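Q:
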Amino acid sequence: MGMPNRTANNNFYKNTIRCAIAALLLAIPLSPSNAAGYPERNVRFIIPFSAGGGADVLLRIVANALADHWGKPTVVENRAGGNTVVGTVAAINSTADGYTLLFAGDQSITINPVMMKVPYSVEKDLVPITLIAKNPMLLVITNDLPAKNLKEFIALAKAKPQSIMFGSSGAGSIQRLVMELMAQGAGIQLVHVPYKGSNEAVTAMLGGEIQADYNGVANFVQLLETGKLRALAVATDVRSSQLPDVPTVKEATDGQISNLDTGSWFGLFAPAGTPPAIVAQVQKDIAAVLAKPEVRKTVEARGFIPVASTPEQFAEAIKSDTAAWQKVIKDANIKAE
């Protein structure tokens with residue numbers, strides 16, 4: 004889940020992978036009065052990110068698969084802004100009938116509530132349905148920077164403090180937090196440039212506005228094939244299966260930076276008050292579509308790791324992840340700008 008080298012989070016990653024097969028086969032008894040015939044009409048998915056980014060692509064893959072599974076159209080509504088707060092609040096304020104769901108990640112659920120004052124309570128206003136996928140974090144730079152690897156990047160930043168600008172989807176975003184943690188570990192000073200969303204940050208880097216970005220593998224996996232950008236390291240304890248030639252941060256720094264084991268995640272939520280039977284039905288249907296080989300292959304090709312979970316497992320992971328982020332942000336003295 005998006006945290007550096009912490010036991011609770013590492014265990015969550017490992018446990019969710021182990022339980023994925025079991026979760027895919029999970030069947031929960033439904034109450035006919037609440038879930039029979041669901042869905043009877045279009046289901047709307049609100050995503051607090053801009054269109055075209057990795058998260059948006061992931062949701063559309065899953066939403067299209069669900070539309071085929073349900074025999075009913077699905078609608079994806081992008082509500083970016085406010086560092087994911089705008090879309091999150093829009094979903095929370097919708098009718099709790101199962102026909103408007105929130106597709107969100109650690110930014111909205113475990114980071115924003117720690118970094119800033121938000122107009123919602125995750126515990127009171129949202130019902131976790133299921134984890135959908137993980138997205139390992141990757142450090143990418145433009146070809147304009149004369150650095151072929153992470154060591155050279157660090158040396159360049161030390162030689163010219165605050166000369167390298169990096170982007171993120173907001174002041175308190177996971178992209179910024181991971182970059183700041185790496186910079187602290189390396190003893191370098193970088194300049195942070197916040198954007199409306201991850202996709203805008205990537206576009207800015209392609210346009211030469213910034214020189215670096217720490218983002219999910221899914222946001223870069225296809226761009227890297229064009230040769231326009233250069234991958235330096237993944238912020239995980241093992242290499243990414245999608246980018247096996249890219250070293251981990253620990254490998255790339257010969258162990259100098261060994262506390263980065265991060266990755267964003269995305270899951271599905273319902274507004275508080277949604278009938279439990281509908282929550283159970285949606286979880287079951289998500290598990291069913293993620294079990295389809297063609298869906299998993301498409302998700303993985305985009306750089307994501309599909310991982311289903313039960314609502315209970317998801318809720319517990321969110322709780323431990325939030326506590327871990329609180330500690331790291333406090334210890335590293337990272338503040339929203």
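Just so we're aligned, residue 4 is where the sequence shown starts under the working numbering, counting upward by one.
Don't be surprised by glycine CBs; every beta carbon is placed ideally from N, CA and C.
Note that the structure is a prediction, hence the values are computed from the model and not measured.
#1: Quick one: residues in its chain with C-beta nearer than 6 angstroms to the C-beta of I95, no 5 flanking neighbours on either side, listed in chain order?
#2: Relative to the C-alpha of A238, which residue among A68, A162, V224 and S261 is closest?
#3: Do R47 and T113 have their beta-carbon atoms positioned less than 9 angstroms apart in this structure?
#4: Are the C-beta of G211 and some C-beta of chain D separated by less than 9 angstroms?
#5: Hey, would you say K161 sits closer than 9 angstroms to I135, going by beta carbons?
#6: Based on the DSSP secondary-structure assignment, which residues constitute the bridge partners of N218?
#7: Which same chain residues, not among the five before or five after A93, have their C-beta less than 7 angstroms away from its C-beta?
#8: With DSSP collapsed to three states, give me the class of E228.
#9: Hey, quick one: how far does the beta strand (DSSP E) through T103 stretch, first residue to last?
#10: If you draw a straight line from the C-alpha of E297 to the C-alpha of W328, how long is it?
#11: Alpha helix (DSSP H) containing I95: first to last residue?
#12: Kindly identify the DSSP beta-bridge partner or partners of W268.
#13: Below 9 angstroms between beta carbons: does that hold for L193 and F169?
#14: Give me whichever residues DSSP pairs with N81 in a beta bridge.
#15: For G170, which of helix, strand or coil comes out of DSSP?
#16: Going by DSSP, what residues sit across from L69 in a beta bridge?
A: To lay it out plainly:
#1: Y123, D128 and P274
#2: S261
#3: no
#4: Absent here is chain D; the protein component of the structure consists of one chain.
#5: no
#6: L141
#7: I49 and R82
#8: helix
#9: T103 to G108
#10: 35 angstroms
#11: V88 to I95
#12: K137
#13: yes
#14: I50
#15: strand
#16: DSSP, once it has assigned bridges, lists no residue as partnering L69.
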